Amino acid sequence: FRPKLANYFMLEKEVRSVDDMGDTHFSESKEFDKARSEINRLVPRLHAVMNQVGQPTHAVISPPAATGGLAGPVHIFSNLVRRHHFNIDEGTYFDLLDHTLGRYDVVLPGLKRKLYNPFYWIFERGLFPFIRYCIELPGFNYSRIENSFWDKIIKTITLLTALGGLVKWIFELTKL
Numbered sequence: 001f002r003p004k005l006a007n008y009f010m011l012e013k014e015v016r017s018v019d020d021m022g023d024t025h026f027s028e029s030k031e032f033d034k035a036r037s038e039i040n041r042l043v044p045r046l047h048a049v050m051n052q053v054g055q056p057t058h059a060v061i062s063p064p065a066a067t068g069g070l071a072g073p074v075h076i077f078s079n080l081v082r083r084h085h086f087n088i089d090e091g092t093y094f095d096l097l098d099h100t101l102g103r104y105d106v107v108l109p110g111l112k113r114k115l116y117n118p119f120y121w122i123f124e125r126g127l128f129p130f131i132r133y134c135i136e137l138p139g140f141n142y143s144r145i146e147n148s149f150w151d152k153i154i155k156t157i158t159l160l161t162a163l164g165g166l167v168k169w170i171f172e173l174t175k176l
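Numbering follows the UniProt record's numbering, in which position 138 of the sequence shown is assigned residue number 138; successive positions increment by one, without gaps.
Right, dumping it as structure tokens:
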């Protein structure tokens, strides 16, 4: 995404002009339109990646005091084409990409641990959601049951049973 963004900014400088009133205008350029289209198609995927690692996709922009207006959140990459209206410089986009990559480097080891952890798949993705579904199907409130003493005992027994089965399986493998 970074090279496409740099190419977009380079082409934008070539076709951008500002009139006497300060309004921004773009001259016709097929290359610029193509780069703009590519960026716009990649923005939803970029938002998904940024949300996955917890990187904010918006910033609060407040207009200058002389012009007035309300301050509000602006989705940075969704408003890439209109960035001059919000006075967002090019460096902001590259900084956000670098922050996202940095967060991804922090989050990735935890995601890899979850991927290879059988307890995560058994309890978080398999057994407990199924148990919750079975309890809520007749109309019981799962959150009240989950906080009860009996639920903690059932979870402990289930965990010890799974752990015992895993230990037994490992001992059987080592006897081979």
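Beta carbons are placed, not taken as given, at the ideal position from N, Cα and C, and that holds for glycine.
Since we're looking at a predicted model, the values are computed, not measured.
Exposure of Phe149 is indicated by the presence of fewer than 16 other C-beta atoms within 10 angstroms of its C-beta.
Between the stretch 73–89 and the stretch 57–64 there are three or more C-beta pairs closer than 8 angstroms, enough to call the two in contact. Within 10 angstroms of the beta-carbon of Tyr133 lie fewer than 16 other beta-carbons, which makes it exposed. By the Cβ criterion, the stretch 91–107 is in contact with the stretch 41–56, since at least three pairs of Cβ atoms, one from each stretch, lie closer than 8 angstroms. A straight line joining the alpha-carbon of Val43 with that of Gly139 spans about 42 angstroms. Counting along the chain, no beta strand (DSSP E) covers Gly91; the unbroken alpha helix (DSSP H) around it starts and ends at Glu90 to Tyr116. DSSP, read as helix, strand or coil, puts Val49 in helix. For Pro56, the three-state secondary structure derived from DSSP is coil. Around the beta carbon of Phe119, fewer than 16 other beta carbons lie within 10 angstroms, which makes this residue exposed. DSSP places Gly164 in the uninterrupted alpha helix (DSSP H) bounded by Phe149 to Lys175.
CA-to-CA, the gap between Thr156 and Phe128 works out to about 12 angstroms.
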